[in-house]
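J.: The structure's right below; bear with me while I get my questions together.
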Amino acid sequence: MLVDINNWFREYGINELELNCLNYKGESALILASQQGREDILHYLAAHGVDMNRLDQYGNNALWAACYAESEACCRFLIENGCFINHQNLTGNTALTYAASCGKDHIVQLLVMSGADLFLENQEGMTAIDLATTLPTLKFLRAATR
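Below is the structure:
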């Protein structure tokens, strides 16, 4: 497994001695691993003291990236290891508003059950309920607000 992780670091230009640093493309290991649903790499990074609240160039955190990957395991791991669940990016959106707006029903449920704030508004005054794109997510969020 360690060989696989080391190969991944090399493939993405990650310096194994400076895991909090960016690669040549300006990407962090934490965000990349989260985008790819690589829970094994997230475990390695956490064990080596990587900042779980590192942001990408858009102000998104690793939880947002794990939502993109639709990886429940990565989302859970990040939340359990201190990644801020209610972080708002440059436009005020959270992982929950992103997941709701993209129809990621099972991720929305996981985030809400893990304590995501249903009432946070983005810069346009929209909440996750306002941005829900699927009926299951809309019904779930409505029920959760009652």
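According to my numbering, the sequence shown holds residues 6 to 151 in order. Every residue gets a Cβ at the ideal spot worked out from N, C-alpha and C, and that includes glycine.
Between T138 and G97, which are expected to be in contact by the criterion C-beta below 8 Å, what is the C-beta distance as a whole number of angstroms?
T.: In fact, because the Cβ distance is near 18 Å, the residues do not count as touching under 8 Å.
J.: According to the neighbour-count rule (16 or more other Cβ atoms, all chains shown, within 10 Å of its Cβ), is E44 buried or exposed?
T.: By the 10 Å Cβ count, E44 comes out buried.
J.: Determine the burial state of D9: buried for a count of at least 16 other Cβ atoms within 10 Å of its Cβ, exposed for fewer.
T.: Exposed, because fewer than 16 other Cβ atoms sit within 10 Å of the Cβ of D9.
J.: In the structure shown, what three-state DSSP assignment does L123 receive?
T.: Coil, per DSSP.
J.: Figure out for me which residue from Y103, G54 and S119 has the closest Cα to the Cα of E75.
T.: It is Y103.
J.: Go ahead and label Y29 buried or exposed: buried means 16 or more other beta carbons lie within 10 angstroms of its beta carbon, across all protein chains shown.
T.: Flag for Y29 reads exposed.
J.: Around the C-beta of Q128, are 16 or more other C-beta atoms found within 10 angstroms, so that it is buried, or is it exposed?
T.: With fewer than 16 other Cβ atoms within 10 Å, it is exposed.
J.: Taking Q93 as the reference, which of A105, F82, G64 and M57 has the closest Cα?
T.: Nearest C-alpha to Q93: G64.
J.: From this set, L68, C26 and G130, which residue's C-alpha is nearest V113's C-alpha?
T.: Checking every option, the nearest Cα to that of V113 belongs to L68.
J.: Let me make sure I understand the geometry here. Which of T99, L24 and S119 has the alpha-carbon closest to that of A133?
T.: Ranking T99, L24 and S119 by Cα distance to A133 puts T99 first.
J.: For A149, I'd like the list of residues in its chain whose CB is within less than 8 Å of its CB, leaving aside the five on either flank, ordered along the chain.
T.: Hits under 8 Å: V117 and L123.
J.: Where C88 and I46 are concerned, what is the direct C-alpha to C-alpha distance, given to the nearest angstrom?
T.: Each residue's Cα considered, the two are about 15 Å apart.
J.: Which class does S76 belong to by DSSP, given the choice of helix, strand or coil?
T.: In this structure, S76 counts as coil in the three-state DSSP scheme.
J.: Thinking C-alpha only, which one of F14, K144, I90 and E21 is nearest M57?
T.: Closest option to M57, Cα to Cα, is I90.
J.: Using only the alpha-carbon positions, how far apart do I84 and S119 sit?
T.: Approximately 8 Å between the Cα atoms of the pair.
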